[in-house]
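Presented below is the structure to which this report refers.
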Amino acid sequence: MSSIKVVLRKDKIDKAGEAPLYLRVIKDRKTKFISLSLKLQPNEWDEDKQKVKKNRQNSTRLNAYLSKKVADATGEVADLERKNKATSARKIKEAIKGKPLTNFFDYAYNRCEQLKDTVTLSTYRSYRNNIEKFERFIGHRELMFDDITATTLKDYAAYCSSRLGNNNTTINYAFRILNLMFREAKKEDLISNELVPFTKFKVKKNKTTKRYLNTEQFEAFINLEVPQEHKAQVIKDMFIFSVFSGGLRFGDIIELQWKHYDSKNLRITKTIRKTKRQHSIRIGQKAVDILEKYRTQDQKQNDIIFPFAKVDELYFKDREHRSLITNRAISLSNMYLSRMGKELELPFNLSFHISRHTFATRALNNGMRIEHVSKLMDHSDIGITQVYAKIISSELDNAVDKYIN
Numbered sequence: 001m002s003s004i005k006v007v008l009r010k011d012k013i014d015k016a017g018e019a020p021l022y023l024r025v026i027k028d029r030k031t032k033f034i035s036l037s038l039k040l041q042p043n044e045w046d047e048d049k050q051k052v053k054k055n056r057q058n059s060t061r062l063n064a065y066l067s068k069k070v071a072d073a074t075g076e077v078a079d080l081e082r083k084n085k086a087t088s089a090r091k092i093k094e095a096i097k098g099k100p101l102t103n104f105f106d107y108a109y110n111r112c113e114q115l116k117d118t119v120t121l122s123t124y125r126s127y128r129n130n131i132e133k134f135e136r137f138i139g140h141r142e143l144m145f146d147d148i149t150a151t152t153l154k155d156y157a158a159y160c161s162s163r164l165g166n167n168n169t170t171i172n173y174a175f176r177i178l179n180l181m182f183r184e185a186k187k188e189d190l191i192s193n194e195l196v197p198f199t200k201f202k203v204k205k206n207k208t209t210k211r212y213l214n215t216e217q218f219e220a221f222i223n224l225e226v227p228q229e230h231k232a233q234v235i236k237d238m239f240i241f242s243v244f245s246g247g248l249r250f251g252d253i254i255e256l257q258w259k260h261y262d263s264k265n266l267r268i269t270k271t272i273r274k275t276k277r278q279h280s281i282r283i284g285q286k287a288v289d290i291l292e293k294y295r296t297q298d299q300k301q302n303d304i305i306f307p308f309a310k311v312d313e314l315y316f317k318d319r320e321h322r323s324l325i326t327n328r329a330i331s332l333s334n335m336y337l338s339r340m341g342k343e344l345e346l347p348f349n350l351s352f353h354i355s356r357h358t359f360a361t362r363a364l365n366n367g368m369r370i371e372h373v374s375k376l377m378d379h380s381d382i383g384i385t386q387v388y389a390k391i392i393s394s395e396l397d398n399a400v401d402k403y404i405n
């Protein structure tokens with residue numbers, strides 16, 4: 001049997017001191033709430049009589065409205081249970097609301113496909129992988145948005161940590177993907193704001209440290225001898241070029257063509273692969289010297305500048321092929337850079353992405369405004385760039401502490 005009752009959710013009192021009224025449906029000890037789009041002060045509701053008190057304006061009309069809602073819901077439940085004895089609280093809620101609830105996995109996988117052409121291939125795969133991971137945790141596909149509660153998130157976090165060995169950073173990223181699906185569904189009016197559980201449970205964020213080369217380390221890297229006419233030399237030049245060209249990403253540097261370089265105005269102009277935004281940056285003499293090192297007499301505008309990866313016609317036409325080539329190239333580059341880092345006795349593993357961090361910290365240390373650094377790095381939000389400002393501030397504090405002590 002099912003039970004239906006009108007309840008005042010005092011746990012959801014708003015700033016005006018009013019609480020929302022809900023239809024509460026209980027079936028097999030599973031509870032679902034259905035909003036009645038009505039709010040009352042706690043002293044305006046008679047819990048025992050299930051009625052709005054007379055001290056509320058229009059109480060008679062409101063009670064008639066509530067009686068009809070309860071009667072309609074009771075009728076829907078009776079019909080549903082007569083047709084299907086194995087019904088659930090969720091299906092009862094669906095029947096009462098008169099519209100189907102949205103299946104989370106159906107929506108999430110479909111949304112991933114819709115986003116496929118607007119994000120990088122690695123981002124698309126990451127979205128799908130995280131949805132699949134969540135599905136493995138749930139154990140089935142019959143999951144509605146309103147089935148995902150703070151308790152679900154808490155259990156999922158424990159599963160990721162204990163069963164999968166994920167750290168908090170990985171778990172938070174998994175939550176970001178789930179939260180993205182909730183936000184997208186909310187934009188489409190498929191779910192209400194009250195269904196979003198991510199404000200009720202959060203995983204503690206790990207303190208992450210952005211690695212970068214300080215002035216001495218960067219100078220040592222520049223002066224490090226590596227075999228000429230070798231890919232190690234090419235990746236070293238690419239790393240240095242990135243530092244002197246606004247922290248250009250690896251994926252943009254390996255496909256850099258001579259047509260992107262304006263030698264008259266000393267500018268690099270290209271569409272950034274990750275953001276798909278047109279980006280133009282003026283480069284200095286050190287970056288120019290590196291480019292000129294790779295110039296040949298018979299070069300063409302479409303020729304690739306840095307001969308590191310197999311960037312051919314198929315690379316530009318096929319996303320899957322491009323992703324494969326890029327991933328292989330980044331692995332190879334990080335292998336070479338890791339060896340260089342060990343030779344320099346760096347206290348961390350050197351990877352290509354550190355070139356971006358190195359540019360940002362050098363630029364801020366030299367007095368460049370954070371807005372300009374953010375623009376040069378093609379950040380979508382200045383908040384991303386502010387992480388580097390905190391690094392500089394922390395370094396300054398440490399320097400002062402050493403001086404005064």
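First residue of the sequence shown? That's 1 in full-length UniProt numbering, and the numbers climb one at a time after it. Each residue gets a CB set at the ideal place from its N, CA and C atoms; glycine is no exception.
Practice task
Identify the continuous alpha helix (DSSP H) that holds residue 414 and give its terminal residues.
Solution key: An answer regarding residue 414 cannot be provided, because it is not within the stretch 1 to 405 covered by the chain.
Problem - the stretch 40–53 / the stretch 6–18 touching (three or more Cβ pairs under 8 angstroms) - result: yes
Exercise for the section: Write down the C-beta distance between Arg24 and Lys5 rounded to the nearest angstrom, noting that I regard them as a contact closer than 8 angstroms. Expected result: Within the sequence shown, numbered from 1, the residue matching residue 24 stands at position 24. Within the sequence shown, numbered from 1, the residue matching residue 5 stands at position 5. Between Lys5 and Arg24 the Cβ distance is about 5 angstroms, and since that is below 8 angstroms, they are a contact.
Handout entry: Outcome for Ala73 when other beta-carbon atoms lying within 10 angstroms are tallied against a minimum of 16
Key = The count along the sequence shown starts at 1 and reaches residue 73 at position 73. Result: buried.
Practice task
List the residues that DSSP assigns as beta-bridge partners of Asn103.
Solution key: Sequence index remark: in the sequence shown, residue 103 carries index 103 (1-based). Per DSSP, Met144.
Practice task
Would you kindly report the start and end of the unbroken beta strand (DSSP E) that includes Lys27?
Solution key: As a working note, residue 27 is residue 27 in the sequence shown. Residues 19–27.
Exercise for the section: Give a yes or no on contact between the stretch 346–357 and the stretch 254–274, applying the rule of three or more CB pairs nearer than 8 angstroms. Expected result: With the rule of 3 Cβ pairs closer than 8 angstroms, the stretch 346–357 does not count as touching the stretch 254–274.
Handout entry: Val226 and Lys236 closer than 8 angstroms at C-beta
Key = Here residue 226 is taken as the residue at index 226 of the sequence shown, counted from 1. Here residue 236 is taken as the residue at index 236 of the sequence shown, counted from 1. Yes, these two residues count as a Cβ contact at 8 angstroms.
Handout entry: Contact belief for Phe175 with Ile148 at Cβ below 8 angstroms, rounded distance in angstroms
Key = As a working note, residue 175 is residue 175 in the sequence shown. As a working note, residue 148 is residue 148 in the sequence shown. Incorrect: roughly 11 angstroms between the Cβ atoms, too far for contact.
Practice task
Take Arg9 as the anchor and find which of Leu36, Lys210, Val77, Lys186 has the nearest alpha-carbon.
Solution key: Counted from its first residue, the sequence shown places residue 9 at position 9. For the residues Leu36, Lys210, Val77, Lys186, the minimum Cα distance to Arg9 belongs to Leu36.
Exercise for the section: To the nearest angstrom, report how far apart Gly165 and Lys51 are at their CA atoms. Expected result: Numbered from its first residue, the sequence shown carries residue 165 at position 165. Numbered from its first residue, the sequence shown carries residue 51 at position 51. Cα to Cα, the separation comes out at about 52 angstroms.
Exercise for the section: Run the CB neighbour count on Ile222, radius 10 Å, all protein chains shown included, and call it buried at 16 or more, exposed below. Expected result: Position 222 of the sequence shown, counted from the start, is the residue given in the question as residue 222. Label assigned to Ile222: exposed.
Problem - N- and C-terminal bounds of the alpha helix (DSSP H) containing Arg136 - result: On the sequence shown, residue 136 is found 136 positions in, with the first residue counted as 1. Annotation: the continuous alpha helix (DSSP H) that includes Arg136 extends over 121–138.
Problem - Where Ser2 sits in the DSSP three-state scheme - result: As a first step, residue 2 is located in the sequence shown; it is residue number 2 there, counting from the start. DSSP places Ser2 in strand when its eight states are reduced to three.
Problem - Beta-carbon gap between Ser2 and Ile34 smaller than 8 angstroms - result: The count along the sequence shown starts at 1 and reaches residue 2 at position 2. The count along the sequence shown starts at 1 and reaches residue 34 at position 34. At the C-beta level, Ser2 and Ile34 stay beyond 8 angstroms of one another.
Handout entry: Nearest-angstrom Cα separation, counted from Leu344 out to Arg249
Key = Here residue 249 corresponds to residue number 249 of the sequence shown, with the count starting at 1. Here residue 344 corresponds to residue number 344 of the sequence shown, with the count starting at 1. The alpha-carbon atoms of Arg249 and Leu344 are separated by roughly 23 angstroms.
Practice task
Could you tell me which of Phe308, Ile325, Ile305 sits nearest to Leu314, measuring between CA atoms?
Solution key: Position 314 of the sequence shown, counted from the first residue, corresponds to residue 314. For Leu314, the nearest C-alpha among the options comes from Ile325.
Practice task
Tell me whether the beta-carbon of Arg128 lies closer than 8 angstroms to the beta-carbon of Met181.
Solution key: Within the sequence shown, numbered from 1, the residue matching residue 128 stands at position 128. Within the sequence shown, numbered from 1, the residue matching residue 181 stands at position 181. Not in contact: Arg128 and Met181 (Cβ atoms no closer than 8 angstroms).
Problem - Exposure of Gln299, with buried meaning 16 or more beta-carbon neighbours within 10 Å - result: Residue numbering aside, residue 299 sits at position 299 when the sequence shown is read from its first letter. Gln299 comes out exposed.
Exercise for the section: Have a look at the DSSP bridge pairing and note the partners of Tyr159. Expected result: Along the sequence shown, read from residue 1 onward, the residue named residue 159 stands at position 159. Answer is none; Tyr159 lacks a bridge partner.
Practice task
Grab me the residues of Ile177's own chain with a C-beta within less than 6 angstroms of its C-beta, minus the 5 sequence neighbours each way, in chain order.
Solution key: Within the sequence shown, residue 177 is the residue found at index 177, counting from 1. Excluding positions up to five away in sequence, the list reads Tyr127, Asn130.
Practice task
Quick one: give me the first and last residue of the beta strand (DSSP E) that Leu213 is part of.
Solution key: For this step, residue 213 is matched to residue 213 along the sequence shown. Element bounds for Leu213: n/a, residue is neither H nor E.
Practice task
Consult DSSP for Ile13 and reduce its assignment to one of helix, strand or coil.
Solution key: Walking along the sequence shown from the start, residue 13 turns up at place 13. DSSP places Ile13 in the coil class of the three-state scheme, outside both helix and strand.
Problem - Lys231 beta carbon less than 8 angstroms from that of Tyr336 - result: As a first step, residue 336 is located in the sequence shown; it is residue number 336 there, counting from the start. As a first step, residue 231 is located in the sequence shown; it is residue number 231 there, counting from the start. In this structure, Lys231 lies closer than 8 angstroms to Tyr336 by Cβ.
Handout entry: Continuous beta strand (DSSP E) stretch holding Ser35: start and end
Key = Taking the sequence shown and counting its residues from 1, one reaches residue 35 at position 35. Note, Ser35: beta strand (DSSP E), 30–40.
Practice task
Give the DSSP-derived three-state secondary structure of Thr296 in the structure shown.
Solution key: Walking along the sequence shown from the start, residue 296 turns up at place 296. In this structure, DSSP gives Thr296 a state outside helix and strand, which the three-state scheme calls coil.
Practice task
Label Ala157 either buried or exposed according to how many other C-beta atoms from any shown protein chain fall within 10 Å of its C-beta, with 16 as the threshold for buried.
Solution key: Within the sequence shown, numbered from 1, the residue matching residue 157 stands at position 157. By the 10 Å Cβ count, Ala157 comes out buried.
Handout entry: Cβ-based burial, Asp106 [other Cβ within 10 Å; buried from 16]
Key = Working through the sequence shown from its first residue, we reach residue 106 at position 106. Exposed, since its Cβ has fewer than 16 Cβ neighbours within 10 Å.
Practice task
Return the residue from the list Ile283, Asn206, Lys293, Ser338 that minimises the CA-CA distance to Leu376.
Solution key: Translated into positions along the sequence shown, residue 376 becomes position 376. Of the listed residues, the one whose Cα sits closest to Leu376 is Ile283.
Practice task
Within the same chain, show all residues whose beta-carbon is closer than 8 angstroms to that of Arg141, passing over the 5 residues directly before and after it, in chain order.
Solution key: Walking along the sequence shown from the start, residue 141 turns up at place 141. Closer than 8 angstroms at the Cβ level, and outside the excluded window around Arg141, lie Asn103, Phe105, Asp106, Glu135.
Handout entry: Among Thr169, Phe145, Cys160, Arg211, nearest to Asn179 - alpha-carbon criterion
Key = For the purposes of this step, residue 179 is taken as residue 179 along the sequence shown, with counting starting at 1. For the residues Thr169, Phe145, Cys160, Arg211, the minimum Cα distance to Asn179 belongs to Phe145.
Practice task
Count the other C-beta atoms from every protein chain shown that fall within 10 angstroms of the C-beta of Thr361, then say buried if there are 16 or more, exposed otherwise.
Solution key: For this step, residue 361 is matched to residue 361 along the sequence shown. Thr361 comes out buried.
Problem - Arg267 - partner residues in DSSP beta bridges - result: Translated into positions along the sequence shown, residue 267 becomes position 267. DSSP lists Asp262, Arg282 as partners of Arg267.
Problem - Closest by C-alpha distance to Thr170, when choosing among Thr199, Asn302, Lys133 - result: As a working note, residue 170 is residue 170 in the sequence shown. The shortest C-alpha separation from Thr170 is found at Lys133.
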